[in-house]
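Have a look at the structure below, then the notes.
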Amino acid sequence: MKSFKEALEAGDFVITAECGPPKGADISELKGHAKRLLGKVHALNVTDNQSSVMRAGSLAVSKVLLDMGHDPIYQLTCRDRNRLAIQSDLLSAHILGIKNVLCLTGDSISVGDHKGAKAVFDLESVQLLKLVETMNNGKDMAGNDLKGATTLFAGAVVTPEENPVEPQVKSAGKEKALDCGMDIAARQIKELKGLCDGVHVMAIGLEDKVPTILERAGF
């Protein structure tokens, strides 16, 4: 399978999925989910303390996935780092061979499990995207030359519209709600093919269902 960047540049219909690091040091379940997705997705997006809940680091898990044969998307939020730490982490990602970076501002501390933590937000997502471009051109944020430029492939996220699926799931009943949701996701993937460049399948806590969703979608 082509790399994430190669598939996008070729105009292929790209499929990515979510990979949430565990709240702990045991990554056996994560690796099991990732193994089942090998060859079925172009990339796995590794979340960075999603919903402001402390978890294993995105950079470390991205390296684990890379070693397994995946093309990881390293998620980087501005919430927890100042510009020094962000630039250092970007250099570290490049050195480790991790080239895809998803640039995010980050969720509010108030929604997470460490209410007393101090949010940083030295930068926001648009500035982070610009910073990646700057480092790819061999400069740091202060205008100093880098000893070796990065070659990172940066992206961001938008929510063009929201259309809640709850009414569609509620006709299904509690027992069949998950199966109905999987069918809806598979149908949406089928309908989107040809209308956009790809899809991202996010099944937080139910990563083992992603292969089934892709199979129902015809992939």
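Just so you know, this note's numbering puts 1 at position 6 of the sequence shown, and the rest follows in order with no gaps.
Don't be surprised by glycine CBs; every beta carbon is placed ideally from N, CA and C.
Here the structure is a predicted model, which is why all the values come from computation and not from measurement.
Could you tell me if residue 182 is buried or exposed, where buried requires 16 or more neighbouring beta carbons within 10 angstroms of its beta carbon? Taking the first residue of the sequence shown as position 1, residue 182 is located at position 187. Residue 182 is exposed by the Cβ-count criterion.
CA nearest to the CA of residue 72, picked from 97, 130, 36 and 58
Here the question's residue 72 lines up with position 77 in the sequence shown. Closest by alpha carbon: 97.
_Continuous beta strand (DSSP E) stretch holding residue 144: start and end_ = Mapped onto the sequence shown, residue 144 falls at position 149. Segment: none, residue 144 is in no beta strand (DSSP E) and carries neither H nor E.
- Query: Can you tell me where the alpha helix (DSSP H) with residue 175 in it begins and where it stops?
  - Reply: Counting from 1 along the sequence shown, the entry for residue 175 is found at position 180. Counting along the chain, the alpha helix (DSSP H) containing residue 175 begins and ends at 172 to 187.
Contacts around residue 149, its chain only, beta-carbon distance under 6 Å, and the 5 residues preceding and following it disregarded: Translated into the one-based positions of the sequence shown, residue 149 becomes position 154. These residues qualify, in order along the chain: 96, 98, 124 and 127.
Contact between the segment 196 to 204 and the segment 4 to 14 (3+ Cβ pairs under 8 Å) | yes
Can you look up residue 27 in the DSSP assignment and give me helix, strand or coil? Position 32 of the sequence shown holds residue 27. Residue state, collapsed to three classes: helix.
Margin query: Measuring CB atoms only, is the segment 174 to 189 touching the segment 132 to 139, in the sense that at least three cross pairs come out at less than 8 Å?
Written below: no
| In its own chain, which residues sit with a C-beta less than 6 Å from the C-beta of residue 104, not counting the 5 before and 5 after it? | As a first step, residue 104 must be located in the sequence shown, where it is residue number 109. Only 47, 112 and 114 meet the Cβ criterion.
Pull the bridge partners of residue 38 from the DSSP assignment, please.
Counted from its first residue, the sequence shown places residue 38 at position 43. DSSP output for residue 38 lists 11 as bridge partner(s).
Worksheet item: Can you pull the DSSP bridge partners for residue 134?
Response: Locating residue 134 in the sequence shown gives position 139, counting from the first residue. Answer by DSSP bridge pairing, in chain order: 140.
Original post:
Which same chain residues, not among the five before or five after residue 121, have their C-beta less than 6 Å away from its C-beta?
Top reply: Here residue 121 refers to the residue found at position 126 of the sequence shown. None.
- [ ] Can you tell me which of 129, 65, 42 and 106 puts its alpha carbon nearest to the alpha carbon of residue 82?
- [x] The residue you call residue 82 lines up with position 87 of the sequence shown. Nearest Cα to residue 82 within the set 129, 65, 42 and 106: 129.
Going by beta carbon distance, what residues of the same chain come within less than 7 Å of residue 36, once the five residues before and after it are set aside?
-> Looking up residue 36 in the sequence shown gives position 41. Hits under 7 Å: 10, 11 and 12.
Using the three-state DSSP reduction, which class does residue 65 fall into: helix, strand or coil? In the sequence shown, residue 65 corresponds to position 70, counting from 1. Coil.
Suppose contacts are defined by Cβ-Cβ distances below 8 Å. Is residue 16 in contact with residue 3 by that definition?
Here residue 16 refers to the residue found at position 21 when the sequence shown is read from its first residue. Here residue 3 refers to the residue found at position 8 when the sequence shown is read from its first residue. Cβ atoms of residue 16 and residue 3: not closer than 8 Å.
TODO: Reducing DSSP to helix, strand and coil, say where residue 205 ends up.
DONE: Translated into positions along the sequence shown, residue 205 becomes position 210. Three-state DSSP puts residue 205 in a helix.
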